[in-house]
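Enquirer: Protein chains in written order, with this note's numbering: chain A, 8 to 386; chain B, 52 to 301. Below is a structure I'd like to ask you about.
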Ligand SMILES: Nc1ncnc2c1ncn2[C@@H]1O[C@H](COP(=O)(O)OP(=O)(O)OP(=O)(O)O)[C@@H](O)[C@H]1O
Ligand SMILES: [Mg+2]
């Protein structure tokens, strides 16, 4: 293969890496962004006051992690800026099986979360409940169906009642769906004999100065979303292998091009030295030349990459069925988001890598004898 | 050291390692060159011409003895100092021209000046002067691939001369040229030698070159056999101004 063709192929592979890295990271950022937006809309609002004993990873703490809504927050709650939610454990018996669930009490008139709670505002004998599609599927119930629920109230006394499903909602956020049943707050407070109590209190807008009260702690977005970000990062490692391979391939190609060009251009190197260049200057010259491959690749990547990336950001990437069960918010379609920082950092990383890879073979120049180089055995 | 000597070589040896032993390429060389000389190292293949030229050019170092170029001892220079010496004071002309293929004629000639502290205006003027000396003012935008052998070598001469070095070293400059072109470039170098008082040292076994040189240093098996100053009578009279259009004397 001619050196020219080979160089172009190498530059092309490098440009692929460019586009795929940016695309892949754009998908991750888009995914992250979409998951954050969904989580905020459906679950965490502008942040949450947690009861000091509340631990979402340990349902057994639920018996203790509730308390009266502090009077300092009452005004905000009445203004619709805060929404108390009471959480407790219960057992249901859908067609004879036993299953532990979380009962979550919420005001049917709340406007803070995207949860469609309005159907809970109904006068029926049974306890009205809404559930998500995942839950509906797992317990095989639909709107209008009944089931028995059994719970222990604040005194540890068992009680049971019938629940009637008044609505099924579809959400991208599994953590407000899986294993959960949403009830009117006042009904749950009555069932548990915990009048005016809550486990968490969700804020409508981001709270810059949380109101300090004893036994309640404010958790902000940074805290509540950190798990999510971590999860997306860990789930996406498989995807990054692809671009690591491409980048390695491109690095190998650049390295090979450099080795070849230094070998072929010995006479030129000798000439540079005869004309008074120091070895350091010749090394710099060849390193810069190699690094130019990176810049060339960036330009080529821009030519076909920008239309492709733009199309993706409009059309979106359809997520395969099954990603629903990943335990995090996944929309059916993810729109990649390309930030300036993403493009600049990717470009910088690739250019730095290319420069280092271009530099390595030039150390051979330092060992060259100018008189031998000028003879230029090759060519 | 005698101030009129810009090159002073004393008891200089050059040996190359070879199969466990050593091969002596230059043996006890004693030579001095003054300013403005037009000299040739002459001898059969393998006699050590290129080796001697490379040492004078600070591209290589002697094994023994001293070689002093413009008051600097070649053996004692660091790589950087040697590069600086070449950069400021020495010009090279090669048998194979060795132009940088991606640059234009102008850029090739400008190149050595980029390594020196010339301003852009100074560079421009110096390059145009140098191209005029070699009669290639109209080719400044051409690339090396578009030039004939004779033209390429004239560009190489312009490149060697553009910074007006004290010494120009030319290794077989005519070996790839036909008779007519050889005479052209020799006339050109002779003219520059006179006008700028540049010292020229050739390594050659080309009779055409020998007709021009004023000092003939004969090498044989790494030793100086003869060192003769040639009579003007040995040489044919000057013709014209050395421009290529005037034709050669083949
Ligand atoms: N790097 C080296 N290692 C070993 N031997 C060398 C080296 N360079 C030159 N020689 C030997 O030194 C001797 C002189 O070589 P040099 O190139 O100076 O000859 P030359 O007179 O220029 O010959 P030519 O007319 O063929 O160019 C030769 O026998 C050559 O083989
Ligand atoms: Mg030689």
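Backbone N, C-alpha and C fix where the C-beta goes; we use that ideal spot for every residue, glycine too.
1. On the three-pair Cβ rule with 8 Å, is the segment 108-123 of chain B touching the segment 177-184 of chain B?
2. List the whole-angstrom C-beta distance separating residue 138(A) from residue 188(A), where the pair is believed to meet the contact cut-off of C-beta under 8 Å.
3. Short of 6 Å in beta carbon distance, which residues of its chain neighbour residue 51(A), apart from the five on each side in sequence? Order them along the chain.
4. Mind checking if residue 127(B) is an interface residue toward chain A, Cβ cutoff 7 Å exclusive?
5. Using a Cβ cut-off of 9 Å, pull out every chain B residue sitting near residue 310(A), in sequence order please.
6. State whether the segment 44-63 of chain A contacts the segment 211-231 of chain A, with contact taken as three or more CB pairs (one from each stretch) at a distance under 8 Å.
7. Could you check whether the Cβ of residue 100(B) sits closer than 6 Å to any heavy atom belonging to ligand 1?
8. Using a Cβ cut-off of 9 Å, which residues of the segment 268-283 of chain A contact any Cβ in chain B, in chain order?
9. Is residue 97(B) near ligand 1, going by C-beta to nearest heavy atom under 6 Å?
10. Which value, in whole angstroms, describes the spacing of the CA atoms of residue 53(B) and residue 167(B)?
11. Listed in chain order, which residues of the segment 151-176 of chain B have Cβ atoms closer than 9 Å to some Cβ of chain A?
12. Between residue 172(A) and residue 156(A), which are expected to be in contact by the criterion C-beta below 8 Å, what is the C-beta distance as a whole number of angstroms?
13. Can you give me the Cβ contacts of residue 222(B) inside the same chain, cut-off strictly under 7 Å, excluding the 5 residues immediately before and after it?
14. What number of angstroms, rounded off, separates the C-alpha of residue 197(B) from the C-alpha of residue 151(B)?
15. Give a yes or no on contact between the segment 371-381 of chain A and the segment 270-277 of chain A, applying the rule of three or more CB pairs nearer than 8 Å.
16. Could you round the C-beta distance between residue 387(A) and residue 140(A) to whole angstroms and report it? I think they count as a contact, below 8 Å.
17. Restricting to Cα atoms, I'd like to know which of 99(A), 174(A) and 29(A) is closest to residue 146(A).
18. Run through the segment 138-209 of chain B for me and flag every whole beta strand (DSSP E) of 3 or more residues, listed as ranges in chain order.
19. Sorry if obvious, but does the Cβ on residue 67(B) come closer than 6 Å to a heavy atom of ligand 1?
20. I want to know whether the segment 354-366 of chain A touches the segment 250-266 of chain A - three or more CB-CB distances under 8 Å.
21. Measuring only between beta-carbons, confirm whether residue 131(B) sits less than 7 Å from chain A.
22. Where does the unbroken alpha helix (DSSP H) through residue 308(A) begin, and where does it stop?
23. Going along the chain, which residues of its own chain have a beta-carbon closer than 8 Å to the beta-carbon of residue 196(A), five neighbours each way excluded?
24. In whole angstroms, what is the alpha-carbon distance linking residue 66(B) and residue 291(A)?
25. Let me make sure I understand the geometry here. Which of 116(B), 109(B) and 118(B) has the alpha-carbon closest to that of residue 141(B)?
26. Tell me whether the beta-carbon of residue 26(A) lies closer than 7 Å to the beta-carbon of residue 308(A).
27. Counting only Cβ-Cβ distances shorter than 7 Å, please list the residues of the segment 226-260 of chain A near chain B, keeping chain order.
28. If you count every other CB in all the chains shown that lies within 10 Å of the CB of residue 195(B), and 16 or more means buried, which is it?
29. Using a Cβ-Cβ cut-off of 6 Å (strictly less than) and excluding sequence neighbours within five positions of residue 139(B), which residues of its own chain qualify?
30. Can you tell which of 237(A), 220(A), 210(A) and 221(A) has the C-alpha that lies nearest to the C-alpha of residue 227(A)?
31. Sorted by chain position, which residues of the same chain lie with C-beta nearer than 7 Å to residue 385(A)'s C-beta, five sequence neighbours on each side aside?
32. By Cβ distance below 8 Å, which residues in the same chain neighbour residue 98(B) in space, the five residues on each side in sequence not counted?
33. With distances taken Cα to Cα, identify the nearest neighbour of residue 254(A) among 345(A), 185(A), 301(A) and 295(A).
34. Going along the chain, which residues of its own chain have a beta-carbon closer than 7 Å to the beta-carbon of residue 304(A), five neighbours each way excluded?
35. May I ask whether a heavy atom of ligand 1 can be found less than 6 Å away from the beta carbon of residue 226(B)?
36. Using a Cβ distance threshold of 8 Å, determine whether the segment 245-262 of chain B contacts the segment 73-83 of chain B, with at least three qualifying pairs required.
Expert: Checking against the coordinates, here is how it stands:
1. no
2. 6 Å
3. 231
4. no
5. Within 9 Å Cβ-Cβ: nothing; residue 310(A) doesn't reach chain B, min ~23 Å.
6. yes
7. yes
8. 274, 275, 277, 278, 279, 280, 281, 282 and 283
9. yes
10. Model confidence at residue 53(B) stands at a pLDDT of 48, short of 50, so the residue's coordinates are unreliable; what they give is reported in the following sentence. C-alpha separation (whole angstroms): 28 Å.
11. 151, 152, 162, 163, 166 and 167
12. That belief does not hold up - the Cβ atoms of residue 172(A) and residue 156(A) are roughly 12 Å apart, past 8 Å.
13. 101, 104, 145, 146 and 254
14. 13 Å
15. yes
16. This structure does not reach residue 387(A), given that chain A is present from 8 up to 386, and the question cannot be answered.
17. 99(A)
18. 141-144
19. yes
20. yes
21. yes
22. 286-322
23. 93, 112, 202, 203 and 204
24. 32 Å
25. 109(B)
26. yes
27. none
28. buried
29. none
30. 210(A)
31. Low confidence applies to residue 385(A): its pLDDT is 45, below 50, so where it sits in the model is not reliable enough to give any reading.
32. 270, 271, 272 and 273
33. 301(A)
34. 18, 21, 22 and 25
35. no
36. no
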